[in-house]
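Everything below concerns the one structure shown next.
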Amino acid sequence: EEFAESLELQVLPLPLKQNSRTCYLSWHEAAGRDKGHQWMEEQLVSICKR
Numbered sequence: 001e002e003f004a005e006s007l008e009l010q011v012l013p014l015p016l017k018q019n020s021r022t023c024y025l026s027w028h029e030a031a032g033r034d035k036g037h038q039w040m041e042e043q044l045v046s047i048c049k050r
C-alpha cells in the first residue's frame, strides 16, 4: 500500500478470511546481544503487530 501509487500497483483484498495467529520468536541467548538480531527482532515484532 505504501508504494502502490508511485509504482502503479493495485492493492486488492485477500480472497480468504484472515485469522489471527500466535507468533513466537526464539533464538540462542548470545544472538540476543547482537545488534543485527536486535534490529531483526524489532522488525518482525512490528510486522506481526499490524
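In case it helps, our numbering puts the sequence shown at residues 1 to 50.
Ideal placement from N, C-alpha and C gives every residue a C-beta, glycine not left out.
When DSSP labels each residue in this structure, what does V11 get in the three-state scheme?
-> Within the sequence shown, the letter at position 11 stands for residue 11. Residue state, collapsed to three classes: coil.
For C48, does the three-state DSSP call read helix, strand or coil?
-> Residue numbering aside, residue 48 sits at position 48 when the sequence shown is read from its first letter. Helix.
Alpha-carbon to alpha-carbon, C48 and S20 = Residue mapping note: residue 20 aligns to position 20 of the sequence shown, counting from 1. Residue mapping note: residue 48 aligns to position 48 of the sequence shown, counting from 1. Approximately 10 angstroms between the Cα atoms of the pair.
Starting from the Cα of L44, find the closest Cα among E29, A31, C23 and give me that residue.
-> Stepping through the sequence shown from its first residue, residue 44 is reached at position 44. The shortest C-alpha separation from L44 is found at C23.
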